[in-house]
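This report refers to the structure that appears directly beneath it.
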Amino acid sequence: MRTLTFFLLLFAAFQLQADELTLQNVYGREVTSLNGQWSYIIDPFNNGYYDYRLNPNPNGFFKNAKAKNKSDLVEYNFDTADKMFIPSDWNTANEQLFFYEGTVWFQRYFNHTPQPGKKLFLYFGAVNYDARVYLNGELLGRHIGGFTSFHFDITDRVKEGENFIVVMVNNDRIPEGVPTVNADWWNYGGITRDVMLVEEPETFIDDYLVKLEKGRYDRISGYVRLNNPIEGESLELLIPELGIRERLTTDHTGKAPFTVKAKPELWSPETPKTYEVSLIHEGKSLNDRIAFRQIEVKGKEILLNGKPVFLRGISIHEEAPFRQGRASRPEDAKVLLGWAKEMGCNFVRLAHYPHNEYMVREAERMGLMVWSEIPVYWTIHWENSDTYANAEKQLNDMIERDKNRGAVIIWSIANETPHSDARDRFLISLVDYARAKDNSRLISMAMEVGRTTNGVTEINDLMHSYVDIISFNSYLGWYGGKLEDLKTRGWNIPYDKPFFISEFGAGALQGKHGDKDERWTEEYQAELYDLTLKMYDKVDGFAGTSPWILVDFYSPRRQLPGIQDFFNRKGVISSEGIKKKAFFVLKDFYSKKEKEYRNR
Ligand code: GCB
524 MRTLTFFLLL
534 FAAFQLQADE
544 LTLQNVYGRE
554 VTSLNGQWSY
564 IIDPFNNGYY
574 DYRLNPNPNG
584 FFKNAKAKNK
594 SDLVEYNFDT
604 ADKMFIPSDW
614 NTANEQLFFY
624 EGTVWFQRYF
634 NHTPQPGKKL
644 FLYFGAVNYD
654 ARVYLNGELL
664 GRHIGGFTSF
674 HFDITDRVKE
684 GENFIVVMVN
694 NDRIPEGVPT
704 VNADWWNYGG
714 ITRDVMLVEE
724 PETFIDDYLV
734 KLEKGRYDRI
744 SGYVRLNNPI
754 EGESLELLIP
764 ELGIRERLTT
774 DHTGKAPFTV
784 KAKPELWSPE
794 TPKTYEVSLI
804 HEGKSLNDRI
814 AFRQIEVKGK
824 EILLNGKPVF
834 LRGISIHEEA
844 PFRQGRASRP
854 EDAKVLLGWA
864 KEMGCNFVRL
874 AHYPHNEYMV
884 REAERMGLMV
894 WSEIPVYWTI
904 HWENSDTYAN
914 AEKQLNDMIE
924 RDKNRGAVII
934 WSIANETPHS
944 DARDRFLISL
954 VDYARAKDNS
964 RLISMAMEVG
974 RTTNGVTEIN
984 DLMHSYVDII
994 SFNSYLGWYG
1004 GKLEDLKTRG
1014 WNIPYDKPFF
1024 ISEFGAGALQ
1034 GKHGDKDERW
1044 TEEYQAELYD
1054 LTLKMYDKVD
1064 GFAGTSPWIL
1074 VDFYSPRRQL
1084 PGIQDFFNRK
1094 GVISSEGIKK
1104 KAFFVLKDFY
1114 SKKEKEYRNR
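In the numbering used here, the protein residues as written are 524 to 1123.
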């Protein structure tokens, strides 16, 4: 019997995935926030999930049990457990958990009065890494991947009055994971983004796409889709500022494709124009703001709205300014992106995983083009089909969430991956997948540099023919070579495509000064920036860069006492928000580039 229960539970755990249905523009819907204080139990031995024979325990912590009388034995209690503010990461929310990787259980109550004819969804912006979600003691499903949103339809399971949610979160690093065991950022665990209840009518608009038709400036096209495959439903598309009011009718899949004539003002970093768009079904309106633009590559140039553009970028981790930990709030996005703007950026590389939705929407509002990436990073298990499926799902979910954000111009499928046939196959499949889903953006990945012969470094990666932009990371003058080499190094990039330096950089402790050749000083970092920018500026096809990185960030790999103290110090801004000299070197370079491109 016990074995049977075990297999049934195992089966349930692997079968019940989060809903596949899209909830496009979740913040534009009727939502109730479930952010706030949640109870939590730290469970290093997964004691709340397995019994003492390591079989899944049908009376695990998800039951939220209480002792019924004074002789009853229950060895946990969420009601008297400590509380943590959600969203957050446990590593910085509780200083005892700074280095903790493992399982933590979260629980909270909510009241609900079911409305006839309404559906209710439980939505999570992200949970790192493996989440099992329970409602009133029953498993809703499981989600794997720390940076993508997911939700469950709980209409038939929610009760009148008090309900409770339990989430078992595990952030153990696993070799077959995406990312895998080895990375250069903090493995922040927890419910790291907003949690919400989303209420919708029985039939509602779950998904849509509104964009400028590829290659044209006079046609807007896309689709509006209902959650139910009902034919003949009437929908409306409104873009008041363009005088658009279109009646649409769904086909048998519940989808209504459309094409309308319009010449919208184009979105660009200089004029980040967006239009109010309303999609209406049975009098209920779903509103969004849409940016219209074209992005393409021609020879060695990137063209935004048909004009050459230089990507004046910076790489950013999703780490909170001033307080460290995972960034999750709209204010975090404003500060981080505000710094990028101040430096003269028109572009940000959101590394190394999809960032929260506030970041992308705020970037669009401020006029910053976006590179968005999945955590296919370093030594992924290329031969493992589950790993591939996981990566593809994350790519899918990243594209799905942000496909209406015109500011996103590049989907990146990987970072610094070692050459092998299996790796090539894996990455080519990801490129194919992204292209089939979305033809209105560019695809890239951060490659590594090849061999150096007689002072010339070559880029030699089979993936060159699959991506639109040749992007690579190079730490010449920091991990290899000397600062002096930056004055003479030549580059052989034998492809008729633009090239982009997705990373370069040097560690500097803010406030540490010395000679230009003294490691960890602001002077060394500034000199490296100056020489690197001059070096690439001489190479044909240089189309932009996103140096590493905007702000110092926590990483377990960075151990040097008194200098690093678990911070990767390559930020041009310190963790306290103080700008280092390199910030201004980059700012000057970007101001020069901005002038150079203004009238091209
Ligand atoms: C890289 C990685 C980035 C690291 C950085 C570094 O190449 O892409 O994730 O943090 O180097 O500082 O070494």
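Note that the Cβ used here is the ideal one computed from N, Cα and C, for glycine as well.
Every value quoted in this text rests on a predicted model; they were computed, and no experiment measured them.
Check your understanding: CB I992 to CB V800, shorter than 8 Å?
Key -> no
Practice item. For D1088, count neighbouring Cβ atoms within 10 angstroms of its own Cβ and tell me buried if that reaches 16, exposed if not. Key: exposed
Point to revise | Buried/exposed call for K1115, threshold 16 Cβ in 10 Å | key: exposed
**Study point:** Three-state secondary structure assigned by DSSP to R895
**Key:** The residue asked about is misnamed: residue 895 is Ser in this sequence, not Arg. Three-state result, S895: strand.
Exercise for review: Apply the 10 Å Cβ neighbour rule to T1011 and answer buried if 16 or more other Cβ atoms are within range, or exposed otherwise.
Suggested key: exposed
Point to revise | C-alpha gap between W709 and Q847, whole angstroms | key: 10 Å
Practice item. Pull up the CB-CB distance for E906 and A945, whole angstroms please, since I reckon it's below 8 Å. Key: 5 Å
Practice item. Report yes if the C-beta distance between L918 and Y876 is below 8 Å; otherwise report no. Key: no
Exercise for review: Count the other C-beta atoms from every protein chain shown that fall within 10 angstroms of the C-beta of F1112, then say buried if there are 16 or more, exposed otherwise.
Suggested key: buried
**Study point:** N-terminal and C-terminal residue of the alpha helix (DSSP H) that G861 is part of
**Key:** 853-865
Check your understanding: Out of curiosity, what's the CA-to-CA distance linking E887 and N651?
Key -> 26 Å
**Study point:** Contacts around E896, its chain only, beta-carbon distance under 7 Å, and the 5 residues preceding and following it disregarded
**Key:** L873, A874, H875, Y876, S935, N938
Review point. Using a C-beta cutoff of 8 Å, does N570 count as contacting chain D?
Key: Checking the listed chains, one finds no chain D in this structure; it contains a single protein chain.
Check your understanding: Roughly how far, in whole angstroms, is the beta-carbon of D717 from the beta-carbon of N558, given that I think they are within contact range, below 8 Å?
Key -> 6 Å
Check your understanding: Buried or exposed: where does V704 fall if 16 or more other Cβ atoms within 10 Å of its Cβ makes it buried?
Key -> exposed
Review point. If you run the structure through DSSP and keep just helix, strand and coil, what is E555?
Key: According to the sequence as given, residue 555 is Thr; it is not Glu. Strand at T555.
Exercise for review: Measure the C-alpha to C-alpha separation of R525 and H904 and round it to an integer number of angstroms.
Suggested key: Low confidence applies to R525: its pLDDT is 41, below 50, so where it sits in the model is not reliable, and the reading given next is rough at best. Straight-line Cα distance between these residues: approximately 34 Å.
Practice item. Give me whichever residues DSSP pairs with K606 in a beta bridge. Key: S562
**Study point:** Proximity of S594 and M719 at Cβ, strictly below 8 Å
**Key:** no
Exercise for review: Identify whether P752 lies in helix, strand or coil by the three-state DSSP scheme.
Suggested key: coil
**Study point:** Cα-Cα separation, T1068 to I839
**Key:** 13 Å
Point to revise | H635 (DSSP reduced to helix, strand or coil) | key: strand
Point to revise | Every unbroken beta strand (DSSP E) within the segment 771-798, with a cutoff of 3 residues, ordered by chain | key: 778-784
Point to revise | Spatial distance of G648 from F670 (CA atoms) | key: 8 Å
Review point. How is the alpha helix (DSSP H) around W1014 delimited, first residue to last?
Key: Premise fails: W1014 lies in the beta strand (DSSP E), 1013-1015, not in any alpha helix (DSSP H).
Check your understanding: Quick one: Cα of L663 to Cα of Y657, how far?
Key -> 5 Å
Check your understanding: Taking the C-alpha atoms as reference points, what is the distance between N913 and E699?
Key -> 9 Å
Point to revise | Where F530 falls: helix, strand or coil (DSSP) | key: With a pLDDT of 39 at F530, under the threshold of 50, the modelled position of that residue is not reliable, and the figure given next carries that caveat. If DSSP states are grouped into helix, strand and coil, F530 belongs with the helices.
Review point. Sorry if obvious, but does the Cβ on H804 come closer than 7 Å to a heavy atom of the ligand GCB?
Key: no
Check your understanding: Are the segment 764-776 and the segment 855-866 in contact at 8 Å, needing three or more beta carbon pairs?
Key -> no
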